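Student: Take a look at this one; I'll ask things after.
In our numbering, the protein residues as written are 258 to 465.
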């Protein structure tokens, strides 16, 4: 069988131009790849860990990351990045994060659990019984609720009115619902169940 003519580029050479044994360290992780819609930051973290395990420099990381793009479209986008063209890992990393990165959201200041905890705290003490307790409770509850609505964890303040009323003693709860009913602020769904009253109506009924 005839052999093809060897290419000059196939001949390994050292930096001085002489012949040498050339060994390219490859990052090898069969399960590692990035596909559009995946968590890019998580992929980048795993890629860096794999590169560190195989002793790859940042230059080699920049050269080899294209092998871990799952689709041709992703590879094409990568090839247009200046950092990839220049094998500059720091620049490439910044470009990739800007293009695909998913940054972790900061932890929320409050969640709905904070409203539940606040309610349970007052209930465990026997419920709200006087005006000062009501004012303190209203201020704290309102601060949390405003945040939850602003961050879209709760759709409307009205969704929390039932929880708000449950922090009072049973006697005061009856008084609040009576005030709402007398003033026509308690409405029913078509199936006969009661709708949550409007937030401002509820706080006024609790205050009077």
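C-beta atoms are modelled at their ideal positions from N, C-alpha and C, and glycine is treated no differently.
Predicted model, so just to flag it, every value in this text is computed and none were measured.
Is it a yes or a no for the stretch 400 to 413 touching the stretch 432 to 449, going by three-plus beta-carbon pairs under 8 Å?
Tutor: The answer is no - the stretch 432 to 449 does not touch the stretch 400 to 413, with fewer than three Cβ pairs under 8 Å.
Student: Distance check for residue 453 and residue 445, CA to CA, integer angstroms please.
Tutor: 9 Å
Student: Quick one: using the 10 Å Cβ neighbour count with 16 as the cut-off for buried, is residue 396 buried or exposed?
Tutor: Exposed: under 16 other Cβ atoms inside 10 Å.
Student: Give the DSSP-derived three-state secondary structure of residue 341 in the structure shown.
Tutor: Here residue 341 carries a helix assignment [DSSP, helix/strand/coil].
Student: Can you tell me the Cβ-Cβ gap for residue 374 and residue 424, rounded? I've got them flagged as a contact below 8 Å.
Tutor: Not really, about 11 Å apart at Cβ, beyond 8 Å.
Student: Do residue 342 and residue 352 have their beta-carbon atoms positioned less than 8 Å apart in this structure?
Tutor: no
Student: Given a cut-off of 8 Å on the beta-carbon distance, is the pair residue 293 and residue 325 in contact?
Tutor: no
Student: Would you tell me roughly how many angstroms separate the C-alpha atoms of residue 347 and residue 315, rounded to the nearest one?
Tutor: 8 Å
Student: In terms of residues, what are the limits of the alpha helix (DSSP H) holding residue 411?
Tutor: From DSSP, residue 411 is part of no alpha helix (DSSP H); its letter is neither H nor E.
Student: Nearest to residue 404 by CA position, among 367, 336, 307, 295, is which residue?
Tutor: 367
Student: Where does the unbroken alpha helix (DSSP H) through residue 199 begin, and where does it stop?
Tutor: One cannot answer for residue 199 here, as it falls past the ends of the chain, which runs 258 to 465.
Student: Less than 8 Å between the CB atoms is what I'm expecting for residue 459 and residue 422, so what's the real figure, rounded?
Tutor: Rounded, the Cβ-Cβ distance is 7 Å, consistent with contact.
Student: What did DSSP end up calling residue 300 once you bin it into helix, strand or coil?
Tutor: helix
Student: Could you pull the DSSP bridge partners for residue 385 from this structure?
Tutor: Beta-bridge pairing links residue 385 to 425.
Student: Within a Cβ cutoff of 8 Å, which residues of the same chain sit near residue 305, ignoring the five residues on either side of it in sequence?
Tutor: 318
Student: By alpha-carbon positions, which one of 463, 284, 296, 344 ends up nearest to residue 471?
Tutor: Given that the chain is displayed from residue 258 to residue 465, the structure contains no residue 471 and the question cannot be resolved.
Student: Apart from the five residues just before and just after residue 307, which ones in its own chain have a Cβ nearer than 7 Å to its Cβ?
Tutor: 284, 286, 289
Student: With a threshold of 6 Å on Cβ separation, who are the neighbours of residue 313 within its own chain once the five nearest residues in sequence on each side are excluded?
Tutor: 282, 284
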